[in-house]
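Colleague: Below are the structure tokens for one structure; questions will follow.
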Amino acid sequence: MDFTRRDTLALGAGAAAMALLPLRAVAQADPNAEVVGAPDEFLAGADAGAGDLTLTAPEIAENGNTVPISVDAPGAVEVRVYALGNPTPGVATFRFGPLAGSQAASTRIRLAGTQDVQAIAKMADGSYQTAMKTVKVTIGGCGG
Amino acid sequence: MAASAMLGTSGFGNWARLAAQQSLTQDQLLQFDTFGNVSLIHVTDIHAQLMPIYFREPSVNIGVGGNRGAVPHVTGSDFRKLYGIEDGSRSHYALSSGDFSALAQAYGKVGGMDRVATVVNAIRADRPDALLLDGGDTWHGSYTCYQTEGQDMVNVMNGLKPDAMTFHWEFTLGTERVQELVEGLPFAALGQNIFDAEWDEPLPDLFPPYKFFERGGVKIAVIGQAFPYMPIANPGWMFPEFSFGIRDENMQAMVDEVRAQGAELVVCLSHNGFDVDKKMASKVTGIDVILTGHTHDALPEPVLVGETILIASGSNGKFVSRVDLDVRDGRMMGFRHKLIPIFSDVIAPDPQMASLIQEQRAPYKADLEEVIGQTDSLLYRRGNFNGTWDDLICDALLSEREADIAMSPGVRWGPSLIPGDDITREDIWNVTSMTYGKAYRSEMTGEFIKVILEDVADNIFNPDPYYQQGGDMVRIGGMGYRCDVTKPQGERISNMTLLSTGEAIDPAKTYMVAGWASVNEGTEGPQIWDVVESHIRKQGTVTVQPRDNVEVVGA
């Protein structure tokens with residue numbers, strides 16, 4: 005509870021380096037990893053059901069230009085994140101190698117407006133899981 | 004604990020009956036058979052109202068989705084029918100709308116922190132180790148609170164000695180001031196959902212998620228839940244270091260954490276708003292009591308969601324809730340609850356608190372008491388759409404700022420005035436005071452005005468409570484419209500009409516709009532209280548009849 009990520013970074017601890025490892029592995033393994041594509045391309049005809057995959061995102065974005073999201077996908081080898089209402093829906097690919105301590109990642113994404121954000125995880129056995137969350141982007145200003 | 008096995012009573016009927024005989028005494032009002040081994044005292048959304056006031060409850064409070072027709076979305080005679088309240092009784096006056104001006108004259112003002120102190124002291128006399136919990140929106144809402152940047156309320160609340168607090172409008176004092184005040188608090192400042200914005204991480208030093216208390220031999224964990232949508236509903240640029248959100252997954256983690264540490268009773272001190280708390284109670288397991296806040300609802304009985312009881316204690320110092328709990332073998336076995344209305348003429352002021360309050364007000368006495376005008380009409384705010392105070396503020400904006408259309412924020416704070424009352428400077432500040440009160444004047448297209456109305460309407464009428472921000476519809480002057488609350492965003496608002504000409508609002512045309520409480524940095528214009536004061540001074544006596552420029556469909 006008292007140990008924050010800032011402390012971790014300040015310490016330059018091994019844990020932080022470990023968390024970054026899988027991402028670096030992606031870049032090395034697949035030079036085209038930045039092309040996330042669309043959900044249908046990733047699924048390639050397979051079905052995705054609910055599972056242990058969790059997608060955490062705010063219900064209402066505090067700032068649509070930088071919305072913190074995180075995915076936790078125990079047993080996944082790859083997770084892709086899509087902002088379904090953006091002009092280019094694919095926003096992130098996370099691949100987890102066998103050395104990854106956990107299959108979790110977080111980032112910030114830009115949302116063009118209120119829309120569904122979808123995460124799809126490819127599991128080690130080749131099956132897929134999905135999680136969806138609506139994130140509202142509002143002009144705000146009248147709460148009281 | 005099976006909910007059905009839980010023993011629960013509400014002491015509400017008692018004072019209601021006595022009240023009908025017009026013979027209510029302080030002892031009768033506070034009568035409570037001490038129960039179990041733990042007492043919670045809840046105050047919330049005081050909005051810096053130190054003195055007795057009038058406060059009219061809403062007549063329009065529409066529930067949508069699963070909350071259609073459910074409390075607190077029941078008003079007026081329907082509310083009285085639901086709780087068996089006699090028309091014209093004290094309970095009618097305190098808890099529901101209808102015949103307000105006449106009943107206000109009969110039963111007098113409500114609130115006053117010196118009366119609240121008397122009630123808190125009386126409960127502590129019964130149960131010396133009762134926990135006093137403040138749900139926030141305490142350091143905002145009055146002339147003296149604005150001038151002292153919240154210091155008057157901090158001084159008064161310190162005199163009341165709460166055990167913990169959570170937050171909303173406090174943050175509009177700005178990061179530096181909030182931090183300064185919070186660091187000096189002699190009690191816990193809790194918020195499991197107050198995070199560092201840059202790193203999206205908790206801030207356990209400044210705002211711990213929870214605090215343990217040992218009371219009546221029971222290990223109690225109080226978890227704080229600040230208002231989730233602070234940087235959206237209020238100006239985020241004033242406190243850019245902080246991030247909020249509901250974060251119910253973190254709430255569950257905190258509940259699990261305190262249970263693992265041996266908590267026998269888990270209390271959530273929340274500023275979520277009632278419907279959000281209701282949903283949270285259905286998703287997060289292990290919370291025994293949610294002390295709700297933000298939406299200013301006063302309910303004479305707890306609402307049960309699964310095994311969690313929800314307590315709604317009103318606003319503006321009008322009510323104090325007492326909740327006695329029987330906690331045995333690490334489980335909540337039963338409760339006894341009473342929503343105590345602070346009838347200012349029935350409850351004697353606590354002399355110590357009265358003098359502490361006078362001390363805060365003394366330097367500003369002349370400014371506070373200056374009479375600006377009179378009112379012929381009931382002036383109130385609460386309700387999903389315009390109240391008469393809002394209409395008066397919109398009139399001031401239209402005439403003083405030479406605009407076609409006026410917009411006033413749909414906040415739920417602001418006491419009422421009854422016909423024949425003087426309007427003092429203090430009264431004007433009670434309904435306008437804030438740290439971003441500049442009255443802007445800006446050109447907007449008809450299309451953009453609709454976008455604003457649709458956006459705000461979705462913050463109230465989205466069927467999923469997690470997407471609601473609390474608050475009410477933006478108040479409009481100079482324009483009429485129709486709102487269908489059952490439609491999705493983008494389709495709720497229609498028939499927008501410019502009242503001065505009777506013409507339909509043209510999406511492509513530009514209109515001059517005057518408003519206040521913009522969340523944008525760098526907003527320019529005179530302070531709204533000066534605009535309203537100038538308008539009322541010119542009127543002398545104001546008359547504001549209820550208006551019908553908003554047509555509501557699907558309620």
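Protein sequences appear in the order of chains H and V. Numbers 5 to 148, taken from my numbering, label the letters of the first sequence in order. Numbers 4 to 558, taken from my numbering, label the letters of the second sequence in order. Beta carbons are placed, not taken as given, at the ideal position from N, Cα and C, and that holds for glycine. Model, not experiment: these values are computed from the prediction.
1) Extract the residue ranges of the alpha helix (DSSP H) inside the segment 448 to 510 of chain V, only unbroken runs of 4 or more that lie entirely within it.
2) If you reduce the DSSP assignment to three classes, tell me which class Thr-121 of chain V lands in.
3) Going along chain V, which residues have a C-beta under 7 Å from Pro-72 of chain H?
4) Does the count of Cβ pairs from the segment 139 to 153 of chain V and the segment 96 to 112 of chain V closer than 8 Å reach three?
5) Is Leu-13 of chain H helix, strand or coil when you go by DSSP?
6) Under 8 Å by Cβ, that's how I've got Arg-404 of chain V and Ala-517 of chain V pegged, so tell me the actual separation to the nearest angstrom.
7) Examine chain V for any beta-carbon lying closer than 8 Å to the beta-carbon of Thr-134 of chain H, and answer yes or no.
8) If we define contact as Cβ-Cβ less than 8 Å, is Thr-60 of chain H a contact residue for chain V?
9) Using a C-beta cutoff of 8 Å, does Gly-248 of chain V count as contacting chain H?
10) Check whether the Cβ of Tyr-470 of chain V lies closer than 8 Å to any Cβ atom in chain H.
11) Leaving aside the five residues before and after Ser-62 of chain V along the sequence, list all residues of the same chain whose C-beta is less than 8 Å from its C-beta, in chain order.
12) Quick check on His-340 of chain V: does DSSP put it in helix, strand or coil?
13) Between which two residues does the alpha helix (DSSP H) holding Arg-99 of chain H run?
14) What span of residues does the alpha helix (DSSP H) with Thr-178 of chain V cover, start to end?
15) May I ask which residues mark the beginning and end of the alpha helix (DSSP H) holding Gly-79 of chain V?
16) For Val-454 of chain V and Leu-395 of chain V, what's the separation of their Cα atoms in angstroms?
17) Gly-162 of chain V lies in the alpha helix (DSSP H); which residues open and close that run?
18) Can you look up Thr-142 of chain H in the DSSP assignment and give me helix, strand or coil?
19) Thinking His-538 of chain V and Ala-399 of chain V are a contact (beta carbons under 8 Å), I'd like their distance in whole angstroms, please.
20) Compute the distance between the beta-carbons of Ala-263 of chain V and Gln-472 of chain V, then report whether it is under 8 Å.
21) Does the beta-carbon of Val-39 of chain H have 16 or more other beta-carbons within 10 angstroms, so that it is buried, or is it exposed?
22) So with CB distances below 7 Å, who are the chain H contacts of Gly-68 of chain V?
23) Roughly how many whole angstroms lie between the Cα atoms of Ala-20 of chain H and Phe-100 of chain H?
24) Quick one: does Gly-115 of chain V have its CB under 8 Å from some CB of chain H?
25) Between V:His-299, V:Asp-278, V:Ala-266, V:Ala-301, which has its C-alpha nearest Ile-290 of chain V's C-alpha?
26) Classify Trp-172 of chain V as buried or exposed, calling it buried when 16 or more other Cβ atoms lie within 10 Å of its own Cβ.
27) Taking the beta carbon of Gly-474 of chain V as the centre, do at least 16 other beta carbons fall within 10 Å, making it buried, or is it exposed?
28) So, with DSSP's three-state summary, where would you put Ile-290 of chain V?
29) Looking only at its chain, what residues have a beta carbon closer than 7 Å to the beta carbon of Gly-68 of chain V, apart from the 5 residues adjacent to it on each side?
30) From which residue to which residue does the alpha helix (DSSP H) around Leu-32 of chain V run?
31) Listing by chain order, which chain C residues have their CB less than 7 Å from the CB of Glu-252 of chain V?
32) Using only the alpha-carbon positions, how far apart do Ser-497 of chain V and Ile-463 of chain V sit?
33) By the 8 Å beta-carbon criterion, what residues does the segment 432 to 463 of chain V contribute toward chain H?
34) What are the partner residues of Cys-271 of chain V, as DSSP defines its beta bridges?
35) Determine the direct distance from the alpha carbon of Phe-174 of chain V to that of Gly-187 of chain V, and round the result to whole angstroms.
36) Using the three-state DSSP reduction, which class does Phe-322 of chain V fall into: helix, strand or coil?
Modeller: Here's the rundown:
1) 449 to 464
2) Taking the second sequence and counting its residues from 1, one reaches residue 121 of chain V at position 118. In the structure shown, Thr-121 of chain V sits in a helix (DSSP, three-state: H, G or I).
3) Residue numbering aside, residue 72 of chain H sits at position 68 when the first sequence is read from its first letter. Result: Asp-203.
4) no
5) The sequence position of residue 13 of chain H within the first sequence is 9, counting from 1. With a pLDDT of only 41 at Leu-13 of chain H, under the threshold of 50, the placement of this residue in the model should not be trusted; the figure read from the coordinates follows. Helix.
6) Position 401 of the second sequence, counted from the first residue, corresponds to residue 404 of chain V. Position 514 of the second sequence, counted from the first residue, corresponds to residue 517 of chain V. Indeed, because the Cβ distance is near 4 Å, the residues count as touching under 8 Å.
7) Within the first sequence, the letter at position 130 stands for residue 134 of chain H. It does not; no Cβ of chain V falls within 8 Å.
8) Taking the first residue of the first sequence as 1, we reach residue 60 of chain H at position 56. Chain V contact via Cβ: present.
9) Taking the second sequence and counting its residues from 1, the one referred to as residue 248 of chain V is at position 245. Closer than 8 Å: yes.
10) Your numbering for residue 470 of chain V matches position 467 in the second sequence. Yes, Tyr-470 of chain V counts as interfacial toward chain H.
11) Sequence index remark: in the second sequence, residue 62 of chain V carries index 59 (1-based). So the qualifying residues of the chain are Thr-78, Gly-79, Ser-100, Gly-101, Gly-386.
12) Within the second sequence, numbered from 1, the residue matching residue 340 of chain V stands at position 337. His-340 of chain V: strand per DSSP, three-state reduction.
13) By 1-based counting over the first sequence, the position of residue 99 of chain H is 95. Run containing Arg-99 of chain H: none in the alpha helix (DSSP H); it sits in the beta strand (DSSP E), 94 to 99.
14) Taking the second sequence and counting its residues from 1, one reaches residue 178 of chain V at position 175. It spans 178 to 186 - the alpha helix (DSSP H) in which Thr-178 of chain V sits, taken as one unbroken run.
15) In the second sequence, the residue the question calls residue 79 of chain V occupies position 76. Taken as a continuous stretch (DSSP letters only), the alpha helix (DSSP H) holding Gly-79 of chain V covers 79 to 86.
16) Counting from one through the second sequence, the residue named residue 454 of chain V turns up at place 451. Counting from one through the second sequence, the residue named residue 395 of chain V turns up at place 392. Cα to Cα, Val-454 of chain V sits roughly 24 Å from Leu-395 of chain V.
17) Along the second sequence, read from residue 1 onward, the residue named residue 162 of chain V stands at position 159. Counting along the chain, the alpha helix (DSSP H) containing Gly-162 of chain V begins and ends at 154 to 163.
18) Counted from its first residue, the first sequence places residue 142 of chain H at position 138. Correct three-state label for Thr-142 of chain H: coil.
19) Counting from one through the second sequence, the residue named residue 538 of chain V turns up at place 535. Counting from one through the second sequence, the residue named residue 399 of chain V turns up at place 396. That pair is a contact at about 3 Å.
20) Here residue 263 of chain V refers to the residue found at position 260 when the second sequence is read from its first residue. Here residue 472 of chain V refers to the residue found at position 469 when the second sequence is read from its first residue. Contact flag unset, no.
21) Numbered from its first residue, the first sequence carries residue 39 of chain H at position 35. Classification of Val-39 of chain H: exposed, given that the 10 Å Cβ count is below 16.
22) As a working note, residue 68 of chain V is residue 65 in the second sequence. Those do not exist, as Gly-68 of chain V stays about 14 Å from chain H at its closest Cβ, beyond 7 Å.
23) As a working mapping, residue 20 of chain H is identified with position 16 in the first sequence. As a working mapping, residue 100 of chain H is identified with position 96 in the first sequence. Reliability of the predicted coordinates at Ala-20 of chain H is poor, the pLDDT of 33 falling under 50, and the value obtained from them is presented with this limitation in mind. Computed Cα separation, rounded: 15 Å.
24) What you label residue 115 of chain V is simply residue 112 of the second sequence in a count that begins at 1. No, its Cβ sits nowhere closer than 8 Å to a Cβ of chain H.
25) Taking the first residue of the second sequence as position 1, residue 290 of chain V is located at position 287. Measuring from the Cα of Ile-290 of chain V, the nearest candidate turns out to be V:Ala-266.
26) Along the second sequence, read from residue 1 onward, the residue named residue 172 of chain V stands at position 169. Result: buried.
27) Walking along the second sequence from the start, residue 474 of chain V turns up at place 471. With 16 or more Cβ atoms within 10 Å of its Cβ, Gly-474 of chain V is classed as buried.
28) Stepping through the second sequence from its first residue, residue 290 of chain V is reached at position 287. It is coil, neither helix nor strand.
29) In the second sequence, residue 68 of chain V corresponds to position 65, counting from 1. Here the set comprises Pro-466, Asp-467.
30) As a first step, residue 32 of chain V is located in the second sequence; it is residue number 29 there, counting from the start. Run containing Leu-32 of chain V: 29 to 33, per the alpha helix (DSSP H) assignment.
31) Reference to chain C is not applicable here, since the protein chains of this structure are H and V.
32) Working through the second sequence from its first residue, we reach residue 497 of chain V at position 494. Working through the second sequence from its first residue, we reach residue 463 of chain V at position 460. So the alpha carbons of these two residues sit roughly 17 Å apart.
33) Val-454, Ile-455, Asp-458, Val-459, Asp-461, Asn-462
34) Counted from its first residue, the second sequence places residue 271 of chain V at position 268. BP columns for Cys-271 of chain V point to V:Ile-226, V:Ile-293.
35) Counting from 1 along the second sequence, the entry for residue 187 of chain V is found at position 184. Counting from 1 along the second sequence, the entry for residue 174 of chain V is found at position 171. The alpha-carbon atoms of Gly-187 of chain V and Phe-174 of chain V are separated by roughly 15 Å.
36) In the second sequence, the residue the question calls residue 322 of chain V occupies position 319. Here Phe-322 of chain V sits in strand by DSSP.
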